[in-house]
Each structure stands twice: as structure tokens, then as C-alpha cells.
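Novice: I'd like to ask some things about the structure below.
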DNA sequence: ATTTGTATCTTCGTATACAATTATACAAGT
DNA sequence: ACTTGTATAATTGTATACGAAGATACAAAT
């Protein structure tokens, strides 16, 4: 089965991943308020599953840092404040830069093909003015870089960051030049891969991350 | 109840944390081999608990990146290669440096007292030549810095790194000057806090992390 | 000999049942 | 009124039961 570069589906994921993603989205988009108790039974009714998968999802969300499990008392929502998001974007920036550095050094020919193909999709969707597809392919572009860094820890962590910030400011960040700007930023990154220029790659990624934070958080 | 600075116990942890820690230790110290299937029933017998807590522990270890859960096939050990450890130390270094930078800027008086107290414990245990206690207090020193960074994400992540690397090279890193060297490295960090010198703090932490990696991995 | 189909067994995913802990309500005492 | 003790209910932690998916073994067909 051919998977286009933006496809980040994971066929080996546990069956409750759907539940996990639903719960995470509902927490991050404000369906549950910070400090709110997440009663297992309530979640069972809401999502029509039994307690076992609910508990497993809560455990994973605890690692994400958006839920706190207190012994014998249950799970509570930990809200993401604006400061939390800003800090997280700063942390993400640091590792995205490192990922680019390692990826440029370690990328295989096959991965390079994949990156090029992904970038061409970005150009295509920019022409088509398809913001929805662009968001997906954007994620995919970064994923290819994570893979090319050949560092499992980095890959896992940056994917996790993407999950946590994906809803932040997602509705208010599009001005008229959004697609063109994003494409330009990624072109600079892609060019650094072509040139095998680590320093240029790091700089391009830093610019991209600063602009992303600006678009999402409204702060510099 | 007074908690001395090296005490990293967490009273709010889920009851299965004991199981989680046991399992993680047994995986990281080689009790289970990379690629090995972790059959739930086997783990139930081994640790004398039922499948529910076992499954929850496996989910958390998946987030740690040392176990892979494949749908309908089960959990498998993901080994930590030397390269994995080296990469992880590099990643940890990057965030430890950032933690120090933020911590020096954001530390409260109370946290500063705690840091000072912790450092004095380090001096004390160095005099006493107590390596066991020194390891604990060392962890505590870094934990205080994480807290002082006032960044939940960073704090959680660095704690997680500590859990993952704590057994690596733990038996072969002590030469005669071990305690003195570690103390010296931490003194430089502590001094940067006293002086509120962000740059010096970052440098001192970088040196400390490089030396730690050297001691643990045998590589520079 | 290799492959394919089928039967069986194992293991997982989920639901439910039971025990332990915590939260709540309310009465008695100060 | 306000605390304190106790009984009750609600909720969590753990164990177990059941259906479904995958692994395995082996016979039949090529």
C-alpha cells in the first residue's frame, strides 16, 4: 500500500489510540476544563467504551503532561496555559533545529527522495490553495526530517509535541500570505538538505519555528 | 514530613508505579532482551499482579520508548543501543542547558535555598565518600533546577531522561576522583546561580553533561 | 519438497465483577 | 455555628471472564 508523505497513520498503534486521540483533542480544544476531574465512568459513557481502555488512555495522557493521575483519587485535567504553549514552542524549536542538523548529516538517499517528494506536494497544495492538505503535508515534512535524524528519542518526542500544539491557534493563524510564507520557509529548509549545509538548515528551521510560534501564539 | 532534597519519591504516583519502575529497571538492566516479546501472562506471574496493571505499565513504557505495542500482537522490548544512549545524552544535554538558563532567570528565593542546601549535602557526602548517597543527591540537585525552570514540560522530560539513563554505565564510572570531579562540576553550576550568570551556568552545565556522558558512555 | 487450507491453541482487547479507598451526608458533641 | 465521628455512597485499583485476532501445527494438494 502506497502511503503519501503526509500520511502519518500508524497501523501498529494500539486499538485505543482512537480513544486517546479523541480524549486529547477534547481536552486541548477545551471540552474539559483545567483542574476538572475526569471520572472514568463518565468517560466510559461519553466514548462508549469500558474502563480498561479509558484507564490506558489516561495513563498515556499523563505522560503527555495534560492529565494528572492521583492515587485513589483519579485523573484531573492539567490545562495548557499560554506560557505553557510558549515554553513548549521554545522547547520544540530547540529539538527541531537539532533534528535538522542530524538529519542533514545522516539522511539516506531514499529519505532524501521522500523529502523531495513531500516538498513537491507542498508546492502543489500551495498552488491549489488547499490549507487543509497543507497542514497534513506540513506535518509529514517534519516527520521525514525526524526519521532522517535516525534518533528514535527525538522522533518520538517531536511527534508528541506536534500532537500537543496542533490545535493551538489553528483557527486564527491564516492571513492571505500564509501558504506562501510556509512554503518559503520550508523551501529554505529543503535547500539546506540539497546543499548538505547544516548551518543553513539550522538557521532556516529556527526562522520557521519562530514564525510558527508567532502565527500560533501571537508572540515573538 | 520533611523531604531531603535528594528524595524524588512521588506520593501521588499511581499504585502501579512500583510495577512500572520494576519493569523498566528489568528491561534496562538486561533482564529482557531487545526484540523479546513481553507476554502479559508471563509478566503477571513474574510480578504477581493481574493483567490490568501490567497493560498500564506497558503503555507507559511505550511512551518511554523502550517498549513497542503492536496491535493484537503484543509488547516487544526495544533495546537501547550505545548509539541510542549517546544520542539521549546529547538530547539531555541540550535541555539541561536550557533548564539552567531558565532556572537562573526564574528561580525563587525559596528554590535558591533548596539548591544551596542540596549543594551542601553534596559537599557533605563527598567528604564522607558516600557514593550511594551522592548519586541520590545528584539527581536531587538537577531536580531542583528543573523545578526552578518553571517549565512543566521540561521538568517532566528531564526526569524521564534520568529514569532512562540511570542504569547506563552505573557500575563502571567511578575512578578515584569521581566524587571530587562531580562536586567540582556542580560547584561551578551552583556558583552561576549565586552570580545569576546565565552564560556561566550554561557553560558549567555543558561541561558537566559532557563529563557525565564520558563517564557513562566512555565516549566524548 | 513446497505450499495452502484448516483446525486448534495462544494471546490480546475489552467488558465486567469485586475489593479497597476516598468522598459525602448527616448526626452528635462542643 | 462549627467541628468531629460515623455510616453510606461513589470511585478507584485490581482481578477475572469472554470474544476476537493472530500464531501454530499439520494434513492435503500441487
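Chains as they are written, first to last, in this note's numbering: chain F, 11 to 230; chain P, 11 to 230.
We treat Cβ as the ideally placed atom computed from N, Cα and C, and that holds for glycine.
At what residues does the alpha helix (DSSP H) containing residue 37/F begin and finish?
Specialist: Here residue 37/F refers to the residue found at position 27 when the first chain is read from its first residue. Run containing residue 37/F: 27-38, per the alpha helix (DSSP H) assignment.
Novice: If residue 221/P sits next to residue 191/P, beta carbons under 8 Å apart, how far is it from one beta carbon to the other, in whole angstroms?
Specialist: Numbered from its first residue, the second chain carries residue 221/P at position 211. Numbered from its first residue, the second chain carries residue 191/P at position 181. With a Cβ gap of about 7 Å, residue 221/P and residue 191/P count as contacting.
Novice: Taking just the CA atoms, how far does residue 193/P sit from residue 158/P?
Specialist: For the purposes of this step, residue 158/P is identified with residue 148 of the second chain, where counting begins at 1. For the purposes of this step, residue 193/P is identified with residue 183 of the second chain, where counting begins at 1. Rounded to whole angstroms, residue 158/P to residue 193/P spans 20 Å at the Cα level.
Novice: Taking DSSP's pairing of strands, which residues face residue 85/P in a bridge?
Specialist: Working through the second chain from its first residue, we reach residue 85/P at position 75. Looking at the DSSP assignment, residue 85/P forms a beta bridge with 48/P, 79/P.
Novice: Between residue 182/F and the ligand COA, is there a pair consisting of the residue's CB and a ligand heavy atom that are separated by less than 6 Å?
Specialist: The ligand COA is absent from the structure shown, which contains no ligands of any kind.
Novice: Here's the rule I'm using: 16 or more other beta-carbon atoms within 10 Å means buried, otherwise exposed. How should residue 79/F be labelled?
Specialist: Sequence index remark: in the first chain, residue 79/F carries index 69 (1-based). The residue in question, residue 79/F, is buried, as its Cβ has 16 or more Cβ neighbours within 10 Å.
Novice: For residue 180/F, count neighbouring Cβ atoms within 10 angstroms of its own Cβ and tell me buried if that reaches 16, exposed if not.
Specialist: Here the question's residue 180/F lines up with position 170 in the first chain. Looking at its Cβ environment, which holds fewer than 16 other Cβ atoms inside 10 Å, residue 180/F is exposed.
Novice: Can we say the stretch 77-97 of chain P touches the stretch 141-154 of chain P, given the rule of at least three CB pairs closer than 8 Å?
Specialist: When C-beta atoms of the stretch 77-97 of chain P are compared with those of the stretch 141-154 of chain P, fewer than three pairs fall below 8 Å, so the two segments do not count as touching.
Novice: Look at the alpha carbon of residue 64/F and the alpha carbon of residue 71/P, and state the distance between them as a whole number of angstroms.
Specialist: Against the first chain, residue 64/F aligns to sequence position 54. Against the second chain, residue 71/P aligns to sequence position 61. When rounded, the distance between both Cα atoms is 17 Å.
Novice: Starting from the beta carbon of residue 29/F, find every residue of chain P whose beta carbon is closer than 9 Å, and list them in chain order.
Specialist: Here the question's residue 29/F lines up with position 19 in the first chain. Those within 9 Å of residue 29/F in chain P number zero; the least Cβ separation is about 12 Å.
Novice: Residue 206/F to residue 138/F, Cα distance in whole Å?
Specialist: Working through the first chain from its first residue, we reach residue 206/F at position 196. Working through the first chain from its first residue, we reach residue 138/F at position 128. Those two C-alpha atoms are separated by around 30 Å.
Novice: For residue 81/P, which of 50/F, 28/F, 187/F has the nearest alpha-carbon?
Specialist: Residue mapping note: residue 81/P aligns to position 71 of the second chain, counting from 1. When each option's Cα is compared against that of residue 81/P, the closest is 28/F.
Novice: DSSP on residue 16/F, reduced to helix/strand/coil?
Specialist: Counting from 1 along the first chain, the entry for residue 16/F is found at position 6. Low confidence applies to residue 16/F: its pLDDT is 36, below 50, so where it sits in the model is not reliable, and the reading given next is rough at best. Note: residue 16/F maps to coil in three-state DSSP.
Novice: Would you list, in sequence order, the uninterrupted alpha helix (DSSP H) runs of no fewer than 4 residues that lie entirely inside the stretch 81-133 of chain P?
Specialist: 92-116
Novice: If the cut-off is 7 Å on Cβ atoms, which residues from the stretch 155-187 of chain F count as contacting chain P, listed in chain order?
Specialist: 161, 162, 163, 164, 166
Novice: Is residue 20/F close to chain P, meaning its C-beta is less than 7 Å from at least one C-beta of that chain?
Specialist: Within the first chain, residue 20/F is the residue found at index 10, counting from 1. Because residue 20/F carries a pLDDT of 38, less than 50, the predicted location of this residue cannot be relied on, and the following value inherits that uncertainty. At least 7 Å separates the CB of residue 20/F from every CB of chain P.
Novice: Report the option in 46/P, 187/P, 167/P, 195/P whose CA atom is closest to the CA atom of residue 213/P.
Specialist: Taking the first residue of the second chain as 1, we reach residue 213/P at position 203. It is 195/P.
Novice: Starting from the C-beta of residue 23/F, find all residues in its chain whose C-beta is less than 8 Å away, skip the five residues before and the five after it, and write them out in chain order.
Specialist: Within the first chain, residue 23/F is the residue found at index 13, counting from 1. Residue confidence is low: residue 23/F scores 40 on pLDDT, short of 50, so the model does not pin down where it sits. No coordinate-derived value is stated.
Novice: List the endpoints of the continuous alpha helix (DSSP H) containing residue 151/P.
Specialist: Numbered from its first residue, the second chain carries residue 151/P at position 141. Element bounds for residue 151/P: 141-158.
Novice: Who are the near neighbours of residue 136/P in its chain, counting only those whose CB is closer than 6 Å to its CB and skipping five residues on each side?
Specialist: Residue numbering aside, residue 136/P sits at position 126 when the second chain is read from its first letter. Once the five neighbours on either side are set aside, the close Cβ partners of residue 136/P are 189, 193.
Novice: I'd like to know if residue 2/P contacts chain F, where contact means its C-beta is closer than 7 Å to some C-beta of that chain.
Specialist: Outside the displayed range of chain P (11 to 230) lies residue 2/P, so it cannot be described from this structure.
Novice: Helix, strand or coil for residue 6/P? Go by DSSP, reduced to three states.
Specialist: The structure shown does not extend to residue 6/P, since chain P is modelled only from 11 to 230, so the question has no answer here.
Novice: Are the Cβ atoms of residue 110/F and residue 183/F separated by less than 7 Å?
Specialist: Position 100 of the first chain, counted from the start, is the residue given in the question as residue 110/F. Position 173 of the first chain, counted from the start, is the residue given in the question as residue 183/F. No, the Cβ-Cβ distance between residue 110/F and residue 183/F is not below 7 Å.
Novice: Nearest CA to the CA of residue 39/F: which residue from 187/F, 86/F, 177/F?
Specialist: Against the first chain, residue 39/F aligns to sequence position 29. Taking only the C-alpha atoms, the option nearest residue 39/F is 177/F.
Novice: Within the same chain, show all residues whose beta-carbon is closer than 7 Å to that of residue 173/F, passing over the 5 residues directly before and after it, in chain order.
Specialist: Residue numbering aside, residue 173/F sits at position 163 when the first chain is read from its first letter. So the list reads 34, once near-sequence residues are dropped.
Novice: What residues in the stretch 51-77 of chain P have a beta carbon less than 7 Å from any beta carbon of chain F?
Specialist: Flagged, chain order: 62, 65, 66, 69, 70, 73, 75.
Novice: Identify which residue in 185/F, 116/F, 151/F has its Cα closest to the Cα of residue 200/F.
Specialist: If you number the first chain from 1, residue 200/F lands on position 190. For the residues 185/F, 116/F, 151/F, the minimum Cα distance to residue 200/F belongs to 151/F.
Novice: Report all residues from its chain with a CB closer than 7 Å to the CB of residue 105/F; omit the five preceding and five following residues, and keep chain order.
Specialist: For the purposes of this step, residue 105/F is identified with residue 95 of the first chain, where counting begins at 1. Taken in chain order, the residues that qualify are 164, 167, 168.
Novice: Just the chain F side, please: which residues come within less than 7 Å of residue 98/P by C-beta, in chain order?
Specialist: To locate residue 98/P, count along the second chain from 1; it is residue 88. Simply 163.
Novice: For residue 36/F, which residues from the same chain have a beta carbon less than 8 Å from its beta carbon, with the 5 sequence-adjacent residues on both sides left out?
Specialist: In the first chain, residue 36/F corresponds to position 26, counting from 1. Correct list, in chain order: 42.
Novice: Using 10 angstroms around the beta-carbon of residue 154/P, count the other beta-carbons present and answer buried if the total reaches 16, otherwise exposed.
Specialist: Indexing the second chain from 1 puts residue 154/P at position 144. Its Cβ being crowded by 16 or more others within 10 Å, residue 154/P is buried.
Novice: In whole angstroms, what separates the C-alpha of residue 55/P from that of residue 224/F?
Specialist: For this step, residue 55/P is matched to residue 45 along the second chain. For this step, residue 224/F is matched to residue 214 along the first chain. Each residue's alpha carbon lies about 53 Å from the other.
Novice: Which residues in chain P have a C-beta closer than 9 Å to the C-beta of residue 101/F? List them in chain order.
Specialist: The sequence position of residue 101/F within the first chain is 91, counting from 1. Under the 9 Å cutoff, chain P gives 105, 108, 161, 163, 164, 167.
Novice: My guess is that residue 102/P and residue 57/P are in contact by the Cβ rule of under 8 Å, so how many angstroms apart are they, rounded?
Specialist: On the second chain, position 92 is the one that residue 102/P refers to. On the second chain, position 47 is the one that residue 57/P refers to. That pair is no contact at about 29 Å.
Novice: In whole angstroms, give me the CA-to-CA distance for residue 30/P and residue 68/P.
Specialist: Taking the second chain and counting its residues from 1, the one referred to as residue 30/P is at position 20. Taking the second chain and counting its residues from 1, the one referred to as residue 68/P is at position 58. Going by the C-alpha atoms only, they are around 8 Å apart.
Novice: For residue 228/P and residue 187/P, what's the separation of their Cα atoms in angstroms?
Specialist: In the second chain, counting from the first residue as 1, residue 228/P sits at position 218. In the second chain, counting from the first residue as 1, residue 187/P sits at position 177. In a straight line, the C-alpha of residue 228/P is about 16 Å away from that of residue 187/P.
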